[in-house]
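These notes are about the structure you will find just below.
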Amino acid sequence: MNDKKQTQYVIEPLRLDGIDNERPIIISGPCSAESEAQMLATAHGVAKAGVKIFRAGIWKPRTRPGGFEGVGAPGLAWLQKVKQETGMLVTTEVANRVHVQAALEAGIDLLWVGARTSANPFAVQEIADALRSTPDVPVLVKNPVNPDLELWIGALQRLYNAGIHRLGAIHRGFSAYGQHLYRNDPQWHIPIELHRRLHGLTILCDPSHMGGKRELIAPLSQQALDMGFDGLMIESHCDPDGALSDKNQQITPESLSVILTSLVKRDTHQSTESLSLLRRRIDRCDTELLELLNRRMRVCREIGLFKKEHNMQVVQAQRYDDIMRERCDQARELGMSPDFMGVVMQAIHEESVRQQIEVFSVSELK
Ligand code: PEP
Ligand code: MN
Numbered sequence: 128m129n130d131k132k133q134t135q136y137v138i139e140p141l142r143l144d145g146i147d148n149e150r151p152i153i154i155s156g157p158c159s160a161e162s163e164a165q166m167l168a169t170a171h172g173v174a175k176a177g178v179k180i181f182r183a184g185i186w187k188p189r190t191r192p193g194g195f196e197g198v199g200a201p202g203l204a205w206l207q208k209v210k211q212e213t214g215m216l217v218t219t220e221v222a223n224r225v226h227v228q229a230a231l232e233a234g235i236d237l238l239w240v241g242a243r244t245s246a247n248p249f250a251v252q253e254i255a256d257a258l259r260s261t262p263d264v265p266v267l268v269k270n271p272v273n274p275d276l277e278l279w280i281g282a283l284q285r286l287y288n289a290g291i292h293r294l295g296a297i298h299r300g301f302s303a304y305g306q307h308l309y310r311n312d313p314q315w316h317i318p319i320e321l322h323r324r325l326h327g328l329t330i331l332c333d334p335s336h337m338g339g340k341r342e343l344i345a346p347l348s349q350q351a352l353d354m355g356f357d358g359l360m361i362e363s364h365c366d367p368d369g370a371l372s373d374k375n376q377q378i379t380p381e382s383l384s385v386i387l388t389s390l391v392k393r394d395t396h397q398s399t400e401s402l403s404l405l406r407r408r409i410d411r412c413d414t415e416l417l418e419l420l421n422r423r424m425r426v427c428r429e430i431g432l433f434k435k436e437h438n439m440q441v442v443q444a445q446r447y448d449d450i451m452r453e454r455c456d457q458a459r460e461l462g463m464s465p466d467f468m469g470v471v472m473q474a475i476h477e478e479s480v481r482q483q484i485e486v487f488s489v490s491e492l493k
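Residue numbering for the sequence shown follows my numbering, starting at 128 and increasing by one per position.
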């Protein structure tokens with residue numbers, strides 16, 4: 128992991144005992160551990176579906192009090208039993224030092240930090256400090272609930288700085304106010320940027336918390352694999368309708384098996400000759416775009432000078448309005464998304480205004 132801070136972060140793709148470099152990494156199991164019988168029935172089902180890592184929440188961070196807050200430490204014994212009976216690795220969510228200590232004492236193989244916790248640097252630091260003496264434990268960090276990449280990277284860095292180098296991330300989408308198609312907005316560009324910034328980091332997708340609905344799990348899972356994610360964390364339950372938490376997004380081990388066998392796994396490493404030709408065309412388009420933007424900005428600066436000389440204000444609302452409307456119409460005619468063009472034009476306009484203001488202040492100094 129190479130980031131601009133002084134520390135050199137070198138993150139290797141996550142290797143898990145008995146899994147090594149096998150991709151996609153599939154983690155599945157219930158949202159919450161509810162009873163020994165529920166855990167074992169679900170675990171045997173998902174093991175049959177080929178899953179090698181079993182998840183279950185023991186301590187549940189619920190948005191509001193009064194819901195099922197997890198069975199707590201007694202659930203760790205059920206995870207141990209799952210491990211003994213199925214041979215799967217087991218994982219649970221930790222949110223503080225007490226959770227970490229109890230999970231490590233119970234021999235939990237890997238830990239994950241939930242979205243509400245990764246948004247809290249104090250909690251993440253406490254977890255990192257509690258892991259200092261056992262740095263070999265792999266830790267997966269979910270994105271913070273809010274779309275803040277720096278906070279997500281900061282959480283990974285806190286763990287790394289405490290000596291925990293077997294790290295991975297889980298993209299589960301971001302909270303937004305109101306009802307939407309997705310329970311948590313994917314904002315795919317954020318994990319893509321995370322991958323660019325922390326090259327080598329293993330990143331999984333959690334389509335269950337992202338979609339919030341059973342029917343969205345298959346398409347989101349495929350989308351994640353198509354985009355090059357290293358694996359998936361999918362919630363499953365032997366009786367989803369009777370689940371004590373997140374019942375709308377949990378699927379039976381049988382449905383999980385159908386999804387897993389129908390997923391198309393993409394080869395991320397082979398680059399063919401025709402792909403590099405296409406990439407060269409993209410590079411040329413980007414160069415042309417840059418030259419065009421540069422030309423446009425020079426014209427903007429000339430306009431800035433003209434406005435200054437004629438004592439006109441920089442932002443002309445009517446002109447901005449006309450440009451936005453016309454460019455969006457032009458985009459639509461070309462079969463492009465007008466929303467996308469709106470975002471592009473907004474960014475270009477912002478920079479044009481900044482350039483003109485610069486021209487104003489430079490000529491002011493003369
Ligand atoms: C979970 O995985 O059970 C969970 C609570 O998820 P998140 O932290 O993504 O909300
Ligand atoms: Mn859940």
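Think of the CB as a built atom: it goes at the ideal place given N, C-alpha and C, for glycine as much as any other residue.
- Message: Rounded to whole angstroms, what is the Cα-Cα separation between P274 and G462?
- Response: For this step, residue 274 is matched to residue 147 along the sequence shown. For this step, residue 462 is matched to residue 335 along the sequence shown. Approximately 30 Å between the Cα atoms of the pair.
- Start and end of the beta strand (DSSP E) containing F181? As a working note, residue 181 is residue 54 in the sequence shown. Note, F181: beta strand (DSSP E), 180–182.
- Message: Taking 5 Å as the limit, name every residue whose beta carbon sits nearer than that to some heavy atom of the ligand MN, in sequence order.
- Response: C158, D373
- Counting along the chain, where does the alpha helix (DSSP H) carrying K435 start and finish? In the sequence shown, the residue the question calls residue 435 occupies position 308. Going by DSSP, K435 is part of the alpha helix (DSSP H) stretching over 400–436.
- Message: Would you call the region 339–349 in contact with the region 140–149, where contact means no fewer than 3 C-beta pairs closer than 8 Å?
- Response: no
- Message: At the level of alpha carbons, what is the spacing between A229 and A200?
- Response: The residue you call residue 229 lines up with position 102 of the sequence shown. The residue you call residue 200 lines up with position 73 of the sequence shown. A229 and A200: Cα-Cα distance of roughly 7 Å.
- Message: Can you give me the C-alpha to C-alpha distance between L331 and P346, rounded to a whole angstrom?
- Response: Counting from one through the sequence shown, the residue named residue 331 turns up at place 204. Counting from one through the sequence shown, the residue named residue 346 turns up at place 219. Cα to Cα, L331 sits roughly 15 Å from P346.
- Query: Does the separation of the CB atoms of E220 and G184 fall below 8 Å?
  - Reply: Position 93 of the sequence shown, counting from 1, holds the residue named residue 220. Position 57 of the sequence shown, counting from 1, holds the residue named residue 184. Against a cut-off of 8 Å, the Cβ pair of G184 and E220 comes out as a contact.
- For I153, count neighbouring C-beta atoms within 10 Å of its own C-beta (all shown protein chains included) and say buried if the count is 16 or more, exposed if not. By 1-based counting over the sequence shown, the position of residue 153 is 26. By the neighbour-count rule (16 or more Cβ atoms within 10 Å), I153 is buried.
- Message: Looking at the secondary structure, which residues open and close the alpha helix (DSSP H) in which V225 lies?
- Response: Within the sequence shown, residue 225 is the residue found at index 98, counting from 1. Counting along the chain, the alpha helix (DSSP H) containing V225 begins and ends at 224–232.
- Item | Burial state of C249 (16 or more Cβ within 10 Å) | The sequence position of residue 249 within the sequence shown is 122, counting from 1. It is Phe, not Cys, that sits at residue 249 in the sequence shown. When all chains shown are included, F249 counts as exposed.
- Within 7 Å: the Cβ of G295 and any heavy atom of the ligand PEP? Taking the sequence shown and counting its residues from 1, one reaches residue 295 at position 168. The answer is no for G295.
- Task: Measure the CB-CB distance between P157 and T169 and report whether it falls below 8 Å.
- Result: For the purposes of this step, residue 157 is taken as the residue at position 30 of the sequence shown. For the purposes of this step, residue 169 is taken as the residue at position 42 of the sequence shown. Cβ distance < 8 Å, so P157 and T169 count as in contact.
- Query: Hey, how far is the Cα of L432 from the Cα of V486?
  - Reply: The residue given as residue 432 occupies position 305 in the sequence shown. The residue given as residue 486 occupies position 359 in the sequence shown. Those two C-alpha atoms are separated by around 6 Å.
- Task: With DSSP collapsed to three states, give me the class of W205.
- Result: Within the sequence shown, the letter at position 78 stands for residue 205. Three-state DSSP puts W205 in a helix.
- Message: Please state whether the Cβ-Cβ distance between L278 and G295 is less than 8 Å.
- Response: Counted from its first residue, the sequence shown places residue 278 at position 151. Counted from its first residue, the sequence shown places residue 295 at position 168. No, the Cβ-Cβ distance between L278 and G295 is not below 8 Å.
- Can you find at least 3 beta carbon pairs, one from the region 250–258 and one from the region 280–288, that sit closer than 8 Å? yes
- Task: Just the C-alpha distance for V264 and D413, rounded to the nearest angstrom, thanks.
- Result: Taking the sequence shown and counting its residues from 1, the one referred to as residue 264 is at position 137. Taking the sequence shown and counting its residues from 1, the one referred to as residue 413 is at position 286. Rounded to whole angstroms, V264 to D413 spans 43 Å at the Cα level.
- Task: For the beta strand (DSSP E) holding H298, just list the boundary residues, first then last.
- Result: For the purposes of this step, residue 298 is taken as the residue at position 171 of the sequence shown. Per DSSP, H298 belongs to the beta strand (DSSP E) from 294–298.
- Taking C-beta to C-beta, are I297 and S155 nearer than 8 Å? Mapped onto the sequence shown, residue 297 falls at position 170. Mapped onto the sequence shown, residue 155 falls at position 28. No, Cβ-Cβ distance for I297 and S155 is not below 8 Å.
- Item | Proximal residues to G358 (C-beta, below 8 Å), its chain only, five neighbours per side dropped | Mapped onto the sequence shown, residue 358 falls at position 231. Excluding positions up to five away in sequence, the list reads R150, P151, I152, I153, I154, T329, L331, C332.
- Through-space distance from I430 to R452, alpha-carbon basis: Start at 1 with the first residue of the sequence shown, and residue 452 comes out as number 325. Start at 1 with the first residue of the sequence shown, and residue 430 comes out as number 303. If I take the Cα positions, the gap works out to 21 Å.
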